[in-house]
Amino acid sequence: SSSGSSGGGGAPKAVRPDATSVSQRVVLPSLSVGSIHNLVAGLGKNERVSMLDTIAILKAAAVMFMNGTSVCDIEVPEGGKCVVVGDLHGQLDDVLHIMSVHGLPSEKNIYIFNGDLVDRGDHACEIVLLVFALKLADPRSVYVNRGNHEEPHINIYSGFEEECIGKYDHRVFQLFHAVFVWLPFACVVNSKALVLHGGLPSDRSVTLEDLRSLARGPDVCSEEDNWGKEDWIKDILWSDPHPDPNFRGTEPSNRGAG
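The sequence shown begins at 9 in the working numbering and counts up by one.
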């Protein structure tokens with residue numbers, strides 16, 4: 009369930025029976041530093057993650073994110089840094105290059121992957137599996153926000169579904185989305201910086217505590233706890249910067265959301 013509370017009292021509840029059964033079946037894997045290095049090295053040689061490992065990582069990630077919060081609070085220690093990685097869109101070489109420059113995640117080297125990991129590029133499966141494996145190995149050093157491309161109806165037209173079926177099968181595509189629905193919407197870094205994929209809700213009355221109260225899970229915009237907040241979610245996931253640098257305020261996006 010999500011953190012925070014809504015005005016009606018009590019934290020939003022978005023747990024589904026299938027998610028509960030996953031949490032009962034799956035034991036979080038122990039991913040050592042050595043295994044992470046091996047995974048990174050293998051992906052750099054165009055090796056594919058096996059079906060068995062893929063399913064194990066995704067099931068474990070579903071448990072971890074389901075038990076997380078809608079807004080994550082991150083404390084970067086003195087002398088540390090926070091690397092915010094924008095839209096990767098299936099470009100594996102980009103994330104491998106970023107990690108070669110900045111190093112792997114650690115207590116003083118925190119990563120935020122700010123949504124849109126998938127679609128367009130040819131290696132979205134590998135990127136998501138790597139990011140989730142890093143999160144499982146070191147949960148306090150890796151954070152993943154949801155973007156507008158972590159949506160099945162977008163993936164059908166933008167390439168990720170086709171990639172999943174080509175490399176694995178449709179069941180695995182569905183398993184990826186069983187994780188995506190539990191991804192948080194935003195991160196707050198050192199109580200100062202808000203990191204989210206799209207933009208702030210156009211409703212200026214919305215507070216950070218309101219964002220914390222958003223429910224996650226299947227059919228997030230249909231969640232009873234999110235009724236009346238659907239536009240907030242669309243703004244958070246879909247909004248773009250205005251093309252006019254002198255523009256102030258908000259206006260509807262021509263994409264139909266945000």
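For each residue, glycine too, the CB sits at the ideal point set by N, CA and C.
Helix, strand or coil at residue i [DSSP, three-state]
i	result
leucine 202	strand
serine 29	Note that serine 29 scores 41 on pLDDT, short of 50, meaning its location in the model is unreliable; the coordinates nonetheless yield the value given after this. Reduced to three states, the DSSP call for serine 29 is helix.
aspartate 89	A quick correction: the sequence has lysine, not aspartate, at residue 89. Reduced to three states, the DSSP call for lysine 89 is strand.
phenylalanine 188	helix
asparagine 254	coil
asparagine 46	helix
alanine 223	coil
aspartate 146	coil
alanine 163	Going by the sequence as given, residue 163 is asparagine instead of alanine. The answer is helix: DSSP assigns asparagine 163 an H, G or I state.
valine 57	coil
valine 71	helix
valine 126	coil
phenylalanine 121	strand
valine 6	Because the chain is modelled from 9 through 266, residue 6 falls outside the range shown and cannot be assessed.
serine 108	helix
aspartate 239	helix
Cut-off 7 Å between Cβ atoms - residues of its own chain near residue i, not counting five sequence neighbours on either side
i	result
leucine 137	Val57, Thr62, Ile65
Residue burial classification, residue i (beta-carbon count within 10 angstroms, cutoff 16)
i	result
glycine 87	exposed
aspartate 243	buried
methionine 107	buried
glycine 52	exposed
aspartate 101	exposed
alanine 49	exposed
valine 41	exposed
asparagine 54	exposed
arginine 212	exposed
Under 7 Å between C-beta atoms of residue i and residue j
i	j	result
glycine 94	asparagine 122	yes
tyrosine 151	cysteine 80	yes
leucine 142	isoleucine 135	no
arginine 224	tryptophan 190	yes
alanine 70	valine 187	yes
Sequence-distant residues of the same chain with beta carbon closer than 6 Å to residue i, five excluded per side
i	result
leucine 144	Leu39, Ala68
proline 209	Trp240, Asp243
Neighbourhood of residue i by C-beta distance below 8 Å, restricted to the same chain and skipping five residues each side
i	result
valine 192	The sequence given here places proline at residue 192; valine does not occur at that position. Correct list, in chain order: Phe73, Gly76, Thr77, Ser78, Val79, Cys80, Tyr151, Val152, Asn153, Arg154, Arg224.
valine 196	Val79, Cys80, Asp81, Ile82, Leu202, Val203, Leu216
Check: residue i C-beta below 6 Å from any heavy atom of the ligand ZN
i	result
isoleucine 118	As far as ligands go, the structure on display features none, and thus does not contain the ligand ZN.
With a threshold of 8 Å, are at least 3 pairs of Cβ atoms found where one atom belongs to the segment 158-171 and the other to the segment 127-136? In short, these stretches touch, since the Cβ pair count reaches three.
Would you call the segment 196-208 and the segment 146-163 in contact, with 3 or more CB pairs under 8 Å? By the Cβ criterion, the segment 196-208 is in contact with the segment 146-163, since at least three pairs of Cβ atoms, one from each stretch, lie closer than 8 Å.
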